[in-house]
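Visitor: The opening residue of the sequence shown carries number 4 in my numbering; numbering runs sequentially from there.
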Amino acid sequence: MLVVSDEVRDAVAAGRPVVALESTIIAHGLPRPRNLRVALELEQTVRDEGAVPATIAVLDGRPHVGLHKAQLERVAHEDGIRKLSQRDLPLAVATGASGATTVSATALLAARAGVRVFATGGLGGVHREWTQTQDESADLRLLARTRITVVCAGVKSILDVPATLQRLETLGVAVAGYGTERFPGFYLADSGEPVDWTLRTPEEVARVMRAQDGLEGGDSALIVANPVPEEEQLDPALHARVLESGLRACAEEGVSGQAVTPFLLDYLVRHTDGASLEANLAAVRGNVRLAGRIAAAWAAV
Ligand code: PSU
Ligand code: MN
Numbered sequence: 004m005l006v007v008s009d010e011v012r013d014a015v016a017a018g019r020p021v022v023a024l025e026s027t028i029i030a031h032g033l034p035r036p037r038n039l040r041v042a043l044e045l046e047q048t049v050r051d052e053g054a055v056p057a058t059i060a061v062l063d064g065r066p067h068v069g070l071h072k073a074q075l076e077r078v079a080h081e082d083g084i085r086k087l088s089q090r091d092l093p094l095a096v097a098t099g100a101s102g103a104t105t106v107s108a109t110a111l112l113a114a115r116a117g118v119r120v121f122a123t124g125g126l127g128g129v130h131r132e133w134t135q136t137q138d139e140s141a142d143l144r145l146l147a148r149t150r151i152t153v154v155c156a157g158v159k160s161i162l163d164v165p166a167t168l169q170r171l172e173t174l175g176v177a178v179a180g181y182g183t184e185r186f187p188g189f190y191l192a193d194s195g196e197p198v199d200w201t202l203r204t205p206e207e208v209a210r211v212m213r214a215q216d217g218l219e220g221g222d223s224a225l226i227v228a229n230p231v232p233e234e235e236q237l238d239p240a241l242h243a244r245v246l247e248s249g250l251r252a253c254a255e256e257g258v259s260g261q262a263v264t265p266f267l268l269d270y271l272v273r274h275t276d277g278a279s280l281e282a283n284l285a286a287v288r289g290n291v292r293l294a295g296r297i298a299a300a301w302a303a304v
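#1: Starting from the N-terminal end, write out each residue whose C-beta falls within a distance shorter than 6 Å of any non-hydrogen atom of ligand 2.
#2: If you draw a straight line from the C-alpha of ARG119 to the C-alpha of ALA192, how long is it?
#3: Establish whether the CB of ALA79 and some CB of chain D are separated by less than 8 Å.
#4: Between which two residues does the alpha helix (DSSP H) harbouring TYR270 extend?
#5: Measuring alpha carbon to alpha carbon, tell me which residue in LEU94, VAL198 and ILE161 is nearest VAL176.
#6: Taking 7 Å as the cut-off, is the beta-carbon of THR27 closer than that to any non-hydrogen atom of ligand 1?
#7: Alpha carbon to alpha carbon, how far is PRO56 from ALA278? Give it in angstroms, no decimals.
#8: Are the beta-carbon atoms belonging to ARG115 and ALA224 less than 8 Å from one another?
#9: Could you check how far apart the C-beta atoms of ALA103 and VAL78 are, in whole angstroms? I think they sit under 8 Å.
#10: Compare the C-alpha of THR105 against each of GLY64, LEU92, GLU46 and HIS71 and name the closest.
#11: List the whole-angstrom C-beta distance separating GLY188 from VAL164, where the pair is believed to meet the contact cut-off of C-beta under 8 Å.
#12: For PRO36, count neighbouring C-beta atoms within 10 Å of its own C-beta (all shown protein chains included) and say buried if the count is 16 or more, exposed if not.
#13: Is GLY295 near ligand 1, in the sense that its beta carbon is under 7 Å from a heavy atom of that ligand?
#14: Can you give, in chain order, each stretch of the beta strand (DSSP E) that sits fully within the stretch 127 to 172 and has at least 3 residues?
#15: What are the boundary residues of the alpha helix (DSSP H) that GLU81 is part of?
#16: For GLY260, is the classification buried or exposed, using 16 other Cβ atoms within 10 angstroms of its Cβ as the cut-off for buried?
#17: Between which two residues does the beta strand (DSSP E) containing VAL55 stretch?
#18: Roughly how many whole angstroms lie between the Cα atoms of ALA303 and ASP222?
#19: Apply the 10 Å Cβ neighbour rule to TRP301 and answer buried if 16 or more other Cβ atoms are within range, or exposed otherwise.
#20: Cutting at 6 Å between CB atoms, please list the residues of its own chain near VAL96, excluding the five before and the five after it.
#21: In this structure, how does DSSP classify GLY124 when only helix, strand and coil are distinguished?
#22: DSSP state of ASP216, grouped into three classes?
#23: Quick check: VAL11 and GLY69, are their CB atoms within less than 8 Å of each other?
#24: Please state the DSSP three-state secondary structure of GLU184.
#25: Less than 8 Å between the CB atoms is what I'm expecting for GLY157 and ALA228, so what's the real figure, rounded?
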């Protein structure tokens, strides 16, 4: 059922480095038309690190691992591209729908295709007000049962970060800061929370991956939390101010479910004059570059 591109299939078979990329950030996380340019740029960044990019999405009911340019264009520009998390996959396949995949759906499909390293912006997690809404991203549970290494700038700062870290601990998902003792805050270099482990080189990350396999301790993921460079982060005071009004607008307008994350990301872009977009992109770029290096180190193991 999975359509794996020839390039990705050959690289996986030969044990060459491959990096999975998600498509929700392209379709629903970034404004058009810049989203297509970013999608192409991210694929090129993976190539510059000597790895093969595998962008993942569902087109006309077929899950694709590795997209051609025309397919990437559809994800970026086609109206009605849905947002698909893991639970939506069978529904999209059976009904012939097209959609961008979130972290949960991307990680699942990447693992099925034999791709071990995955880059994104920020993970989903436990939302603020979660005691009332029960809104917790499917990303967390999927990562608890999928052997994949996710390079991200932490979890989105629109979330309840301490509660999300707690859930990751409960679920048994390994978390390490990359070159930092602080858990990154997506738009911000530091979420205010510490991490228990710090890794400093791609080779060290690859050794952790090998230890995961050697221990056979359940198929959980490894989260490599890579901060946005401080000089490219969003101004923390601006972030705090706009996020607060964004959360209020979200509640007032009754936004719920899958729409919450895209609503808040878009609100931040509009109310920071695009500064949040630049910080988001800087984080994603850094993550994709690091994922390419980790994939190369992993291929060398
Ligand atoms: N990172 C970004 N932008 C995004 C996302 C992540 O920089 O748009 C997406 C991811 O696909 C993630 C999803 O899985 O947001 C989480 O959505 P939800 O909270 O509805 O599970
Ligand atoms: Mn949600």
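Note that beta-carbon positions come from the ideal geometry of N, C-alpha and C, so glycine has one too.
Every value quoted in this text rests on a predicted model; they were computed, and no experiment measured them.
Guide: Well, looking at it:
#1: ASP138, SER140 and VAL263
#2: 25 Å
#3: Protein chain content of the structure displayed is limited to a single chain, and chain D is not contained in it.
#4: 263 to 274
#5: VAL198
#6: yes
#7: 27 Å
#8: no
#9: 6 Å
#10: LEU92
#11: Approximately 7 Å separates the beta-carbon atoms of GLY188 and VAL164; this is inside 8 Å, confirming the contact.
#12: An exposed status is given to PRO36, since fewer than 16 other beta-carbon atoms sit within 10 Å of its beta-carbon.
#13: no
#14: 152 to 155
#15: It is not in any alpha helix (DSSP H) - GLU81 carries neither H nor E in the DSSP assignment.
#16: exposed
#17: It spans 55 to 62 - the beta strand (DSSP E) in which VAL55 sits, taken as one unbroken run.
#18: Near 22 Å, if we compare the C-alpha coordinates of ASP222 and ALA303.
#19: buried
#20: GLY64
#21: coil
#22: In the structure shown, ASP216 sits in a helix (DSSP, three-state: H, G or I).
#23: yes
#24: coil
#25: 5 Å
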